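Numbering (my numbering), first residue to last: 982 to 1500.
Beta carbons are placed, not taken as given, at the ideal position from N, Cα and C, and that holds for glycine.
Only a predicted model underlies this, so the values are computations on that prediction, with no experimental measurement involved.
Step one of this worksheet: look at the structure below.
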């Protein structure tokens, strides 16, 4: 070796080379950490939004079918407002599902995935067009045409469902491949850095270690400075590893929280499905109860109609009785007229008796017998007059009593009949209101049952979607755990390098002690 390469220069060269090695290790490790961070950022900004948008697309795709079925329900229930709402909701779903697929297409996903998204957009156009066409036919009252188009709509639904499932698998595969590649690269680079560092250090110390004892005193201070600098770089490297490890742990914790929240959502959805099933059964039971109540109300209305007919018959019979009483009153009046005739006869008889008495007195002795007869006739006439007067008084009293009884009976029965009719009218009106209310409740209970069934079906489909999301999160969590293990391995390598610095520091102290002893 050239004599100009003194021990000091060689030690300086050794220090510089070691510094360059460690600097290279630090740079390579930082590049690797940045690459890992870029991969994680790419996953967070591409794969997760893609999965979210695809899940939203799948739910809207299911919701659009439920909207079409709800339009059929609105048509059969003759609810034009329901069909109108379904049409507006269908238009909103059309815009939203295209928007979600456009979000996936604009993300930095694989070209094959973008091509499949483009195919999905074309199929979505056909699917939404069929849905809008079916609802438009229902709105025009063309239910047969709508049912015919429903088959094409169902076919488009199944094709889109298959394509969305395939697209989801591609996105999950792409995400898993990214995690696997990152994990492999971190492990390979870490092993390469450790191997190169160890090999270069051994080679340098073997080549430059000879004849260093004579010039150690001139380079010990510079080695100490280089040692401090290298320790600072090692500390920075350790901080970078710790930061990467903490970031991976935070992401793993976030994924666990997301999985826990997803499990809670899944549990809530299952509970909601059970409640919806219970609601369907309760609606059926309520419908039966309402039907029984309505039958009772109808029987009550029929009973009130029978009471009204009976009251009308009673009123008719009372009218007949009153007419009979009026006939009796007329008969009594006739007797009264006859009694007046008797009174006139009595008066005439008295007058004739008086005239007979006068004529008997004129006749003298010959008229005494006739006078006795005349007196007896007069007495008989007085008795007849008294009896006729008593009969007249009794007849007058009877007429007043019968008339008062008939009038009181007519007024009382008329009032009772009027009050009874009023109460019957109120009862019939209340019963009719009850019948209408029962019918309205029965219709509403049936509508609740139908909608509860739709809700139960939609919840079951959402449960399937949540299960698929859970699988994707499990894959993502596994990849993050792999990255966390790689970060731990890198940290162990950094600790190994730091331990080597400790050995170097011990060697420097030994060399310094040897130099002092030599001096």
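Excluding five sequence neighbours on each side, which residues of the same chain lie with their C-beta closer than 6 Å to the C-beta of residue 1063?
Reading the chain shown from its first residue, position 82 is the one you call residue 1063. Only 1055 meet the Cβ criterion.
| query | What number of angstroms, rounded off, separates the C-alpha of residue 1042 from the C-alpha of residue 1110? | reply | Residue mapping note: residue 1042 aligns to position 61 of the chain shown, counting from 1. Residue mapping note: residue 1110 aligns to position 129 of the chain shown, counting from 1. Going by the C-alpha atoms only, they are around 13 Å apart.
Excluding the 5 residues preceding and the 5 following residue 1320 in the sequence, name in chain order all residues of the same chain whose CB lies nearer than 7 Å to its CB. Looking up residue 1320 in the chain shown gives position 339. In its chain, beyond the 5 residues on either side, 1369, 1372, 1373 and 1376 have a beta carbon closer than 7 Å to the beta carbon of residue 1320.
Local conformation of residue 1122 per DSSP, three classes:
Within the chain shown, the letter at position 141 stands for residue 1122. Three-state result, residue 1122: coil.
I need the boundaries of the alpha helix (DSSP H) containing residue 1066, first residue and last residue. Taking the chain shown and counting its residues from 1, one reaches residue 1066 at position 85. Here the alpha helix (DSSP H) through residue 1066 covers 1061-1087.
Could you compute how far the alpha carbon of residue 1150 sits from the alpha carbon of residue 1141? Counting from one through the chain shown, the residue named residue 1150 turns up at place 169. Counting from one through the chain shown, the residue named residue 1141 turns up at place 160. If you take the alpha carbons of residue 1150 and residue 1141, they lie about 14 Å apart.
Are residue 1053 and residue 1119 touching if we call contact CB-CB under 8 Å? Within the chain shown, residue 1053 is the residue found at index 72, counting from 1. Within the chain shown, residue 1119 is the residue found at index 138, counting from 1. For residue 1053 and residue 1119, yes; Cβs fall inside 8 Å.
Roughly how many angstroms lie between the CA atoms of residue 1304 and residue 1381, to the nearest whole one? Translated into positions along the chain shown, residue 1304 becomes position 323. Translated into positions along the chain shown, residue 1381 becomes position 400. Looking at the two C-alpha atoms, the distance is approximately 16 Å.
For this session: Check residue 997 in the structure and name its three-state DSSP category.
Result: Start at 1 with the first residue of the chain shown, and residue 997 comes out as number 16. In the structure shown, residue 997 sits in a helix (DSSP, three-state: H, G or I).
Please classify residue 1081 as buried or exposed, where buried requires at least 16 neighbouring CB atoms within 10 angstroms. Against the chain shown, residue 1081 aligns to sequence position 100. That one is buried.
Next item on the list: Sort 1476, 1415, 1435 and 1009 by Cα distance to residue 1173 and report the nearest one.
Entry: If you number the chain shown from 1, residue 1173 lands on position 192. Comparing Cα-Cα distances from residue 1173 to each of 1476, 1415, 1435 and 1009, the minimum goes to 1009.
| task | Pull up the CB-CB distance for residue 1031 and residue 1085, whole angstroms please, since I reckon it's below 8 Å. | result | What you label residue 1031 is simply residue 50 of the chain shown in a count that begins at 1. What you label residue 1085 is simply residue 104 of the chain shown in a count that begins at 1. In this structure residue 1031 touches residue 1085 by the C-beta definition: roughly 5 Å separates them, less than 8 Å.
Taking just the CA atoms, how far does residue 1311 sit from residue 1385?
-> Counting from 1 along the chain shown, the entry for residue 1385 is found at position 404. Counting from 1 along the chain shown, the entry for residue 1311 is found at position 330. In this structure, the alpha-carbon of residue 1385 lies about 14 Å from that of residue 1311.
**Q.** Limits of the unbroken alpha helix (DSSP H) element including residue 1054
**A.** Taking the first residue of the chain shown as position 1, residue 1054 is located at position 73. It spans 1029-1057 - the alpha helix (DSSP H) in which residue 1054 sits, taken as one unbroken run.
Note to self: So residue 1038 and residue 1145 are supposed to be a Cβ contact under 8 Å. How far apart are they, rounded?
What the structure shows: As a first step, residue 1038 must be located in the chain shown, where it is residue number 57. As a first step, residue 1145 must be located in the chain shown, where it is residue number 164. Rounded, the Cβ-Cβ distance is 6 Å, consistent with contact.
Should residue 1259 go down as buried or exposed, given a rule of 16 or more other Cβ atoms within 10 Å for buried? Residue numbering aside, residue 1259 sits at position 278 when the chain shown is read from its first letter. The residue in question, residue 1259, is exposed, as its Cβ has fewer than 16 Cβ neighbours within 10 Å.
Q.
Quick check: the region 1065-1082 against the region 1090-1097, are at least 3 beta-carbon pairs closer than 8 Å?
A. Three or more beta-carbon pairs separated by less than 8 Å are not found between the region 1090-1097 and the region 1065-1082, which leaves the two stretches without contact.
(message) Suppose you measure from the CA of residue 1046 to the CA of residue 1138; what does that come to, to the nearest Å?
(response) Against the chain shown, residue 1046 aligns to sequence position 65. Against the chain shown, residue 1138 aligns to sequence position 157. Rounded to whole angstroms, the gap between the alpha carbons of residue 1046 and residue 1138 is 8 Å.
Using a C-beta cutoff of 8 Å, does residue 1444 count as contacting chain C? Given the protein chain composition of this structure (a single chain), no chain C is represented.
Residue from 1005, 1001, 1466 and 1438 whose Cα sits closest to the Cα of residue 1251: If you number the chain shown from 1, residue 1251 lands on position 270. Per the Cα distances, 1438.
| field | Distance between beta carbons of residue 1428 and residue 1058, contact taken as under 8 Å | value | Numbered from 1 along the chain shown, position 77 holds the residue referred to as residue 1058. Numbered from 1 along the chain shown, position 447 holds the residue referred to as residue 1428. Between residue 1428 and residue 1058 the Cβ distance is about 7 Å, and since that is below 8 Å, they are a contact.
> DSSP three-state call for residue 1091: helix, strand or coil?
Replying inline: As a working note, residue 1091 is residue 110 in the chain shown. DSSP places residue 1091 in coil when its eight states are reduced to three.
**Prompt:** Do residue 1409 and residue 1282 have their C-beta atoms closer together than 8 Å?
**Reply:** In the chain shown, counting from the first residue as 1, residue 1409 sits at position 428. In the chain shown, counting from the first residue as 1, residue 1282 sits at position 301. Yes, Cβ-Cβ distance for residue 1409 and residue 1282 is below 8 Å.
- request: Within the same chain, show all residues whose beta-carbon is closer than 8 Å to that of residue 1358, passing over the 5 residues directly before and after it, in chain order.
  value: Sequence index remark: in the chain shown, residue 1358 carries index 377 (1-based). Excluding residues within five positions, the ones whose Cβ falls inside 8 Å are 1330, 1333, 1334 and 1337.
#### Entry: Where residue 1322 falls, given that 16 or more other Cβ within 10 Å makes a residue buried
Your numbering for residue 1322 matches position 341 in the chain shown. When all chains shown are included, residue 1322 counts as exposed.
On the CB-based measure, 16 or more other CB atoms within 10 Å of its CB, does residue 1131 come out buried or exposed?
Within the chain shown, the letter at position 150 stands for residue 1131. Residue 1131 is buried by the Cβ-count criterion.
message = Whole angstroms are fine: how far does the CA of residue 1316 sit from the CA of residue 1324?
response = Walking along the chain shown from the start, residue 1324 turns up at place 343. Walking along the chain shown from the start, residue 1316 turns up at place 335. C-alpha separation (whole angstroms): 12 Å.
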